[in-house]
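Trainee: Protein chains in written order, with our numbering: chain E, 5 to 128; chain U, 5 to 128. Where is the CB? At the ideal position from N, CA and C, for every residue including glycine. Sharing a structure with you now.
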């Protein structure tokens, strides 16, 4: 699962320590025995130190080619967070990026997710 | 994944051939290499012979206790279908049920999904 965290019209991306490299939304895999909502709260905390509350479902991305390692399904949430993020765990670094000025190298299908989110946020 | 198919204010449920028994939404597991949208179209066809088009995301259900066999995540869609369904594959029988008069024995967390859907459909 992955999480879109927006703050002052920018979204939080992490620079990945592991293959595939590039920037991505904070996220990771659900552990056996936890819900996807619990998993996204845990992964965001691990990678960014931020606490999110009440993540909302944004979409489900399951193109077999979305992850070069293997076929994975991502449940994508969006959430608000307060405080200042700090990179840790799988994140080498992080930052907030303008949705209209994203970094060049974005891992997985997260550029598509971010484009979909950019359209979605104009409607809400 | 599972699919809510509504027709004339009733939803389609199948009577399961395999444990856990009872009625359930048509659905099943995503095969490696297919998207969840492809999977839900395939599973509905296999179990009910119906063709659905453009399934829409309803929710993601991942309570670790939702499936007595193991921890599973279900991406739930809703879709329209035309024609008459016919039970096959994992479905012993099937029928359309009024959301306010559902059968007693419903497998997995599908009663919760159907209650959530009943609330949702009042708003759309």
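With a threshold of 9 Å between beta carbons, is residue 58 (chain U) in contact with chain E?
Mentor: Counted from its first residue, the second chain places residue 58 (chain U) at position 54. With 9 Å as the cut-off, residue 58 (chain U) does not count as an interface residue toward chain E.
Trainee: Take the Cβ of residue 31 (chain E) as the centre, count every other Cβ of all protein chains shown within 10 Å, and call the residue buried at 16 or more, exposed below.
Mentor: The sequence position of residue 31 (chain E) within the first chain is 27, counting from 1. Buried, since its Cβ has 16 or more Cβ neighbours within 10 Å.
Trainee: Would you report the Cα separation of residue 114 (chain E) and residue 50 (chain U), rounded to the nearest angstrom?
Mentor: For this step, residue 114 (chain E) is matched to residue 110 along the first chain. For this step, residue 50 (chain U) is matched to residue 46 along the second chain. Near 32 Å, if we compare the C-alpha coordinates of residue 50 (chain U) and residue 114 (chain E).
Trainee: Tell me the rounded alpha-carbon separation between residue 25 (chain E) and residue 95 (chain E).
Mentor: Here residue 25 (chain E) refers to the residue found at position 21 of the first chain. Here residue 95 (chain E) refers to the residue found at position 91 of the first chain. Per the coordinates, the alpha-carbon of residue 25 (chain E) lies some 10 Å from the alpha-carbon of residue 95 (chain E).
Trainee: Specify the secondary structure class of residue 33 (chain U) as computed by DSSP and reduced to three states.
Mentor: Taking the second chain and counting its residues from 1, one reaches residue 33 (chain U) at position 29. In this structure, residue 33 (chain U) counts as coil in the three-state DSSP scheme.
Trainee: From E:122, E:48, E:56, E:60, pick the residue whose C-alpha is nearest to that of residue 105 (chain E); which is it?
Mentor: Counting from one through the first chain, the residue named residue 105 (chain E) turns up at place 101. Closest by C-alpha distance to residue 105 (chain E), out of E:122, E:48, E:56, E:60, is E:122.
Trainee: Should residue 29 (chain U) be flagged as near chain E, meaning a C-beta pair shorter than 9 Å?
Mentor: Within the second chain, the letter at position 25 stands for residue 29 (chain U). No, residue 29 (chain U) does not count as interfacial toward chain E.
Trainee: Considering only residues of the same chain and omitting the five flanking positions on each side of residue 38 (chain U), which have a CB-CB separation below 8 Å?
Mentor: Locating residue 38 (chain U) in the second chain gives position 34, where the first residue counts as 1. 46.
Trainee: If contacts are defined as beta-carbon pairs under 8 Å, then residue 27 (chain E) and residue 128 (chain E) qualify, I think. What distance do you get, rounded to the angstrom?
Mentor: Position 23 of the first chain, counted from the first residue, corresponds to residue 27 (chain E). Position 124 of the first chain, counted from the first residue, corresponds to residue 128 (chain E). Wrong, their Cβ atoms sit about 24 Å apart, outside the cutoff.
Trainee: Determine whether the beta carbon atoms of residue 101 (chain E) and residue 62 (chain E) lie at a separation below 9 Å.
Mentor: Along the first chain, read from residue 1 onward, the residue named residue 101 (chain E) stands at position 97. Along the first chain, read from residue 1 onward, the residue named residue 62 (chain E) stands at position 58. Taking 9 Å as the Cβ cut-off, residue 101 (chain E) and residue 62 (chain E) do not qualify as a contacting pair.
Trainee: Please check if any C-beta of chain U sits within less than 9 Å of the C-beta of residue 121 (chain E).
Mentor: The residue you call residue 121 (chain E) lines up with position 117 of the first chain. No, residue 121 (chain E) lies away from the interface with chain U (no Cβ there is under 9 Å from its Cβ).
Trainee: Take residue 91 (chain U) and list the residues in its own chain whose beta-carbon comes closer than 6 Å to its own, dropping the five residues that flank it on each side.
Mentor: For the purposes of this step, residue 91 (chain U) is taken as residue 87 along the second chain, with counting starting at 1. Same-chain partners within the cutoff: 97, 98.
Trainee: For the alpha helix (DSSP H) containing residue 124 (chain U), list its first residue and its last residue.
Mentor: Residue 124 (chain U) sits at position 120 when you count from the first residue of the second chain. Element bounds for residue 124 (chain U): 114-127.
Trainee: Using the C-alpha atoms, what's the distance from residue 103 (chain E) back to residue 15 (chain E)?
Mentor: The residue you call residue 15 (chain E) lines up with position 11 of the first chain. The residue you call residue 103 (chain E) lines up with position 99 of the first chain. Straight-line Cα distance between these residues: approximately 7 Å.
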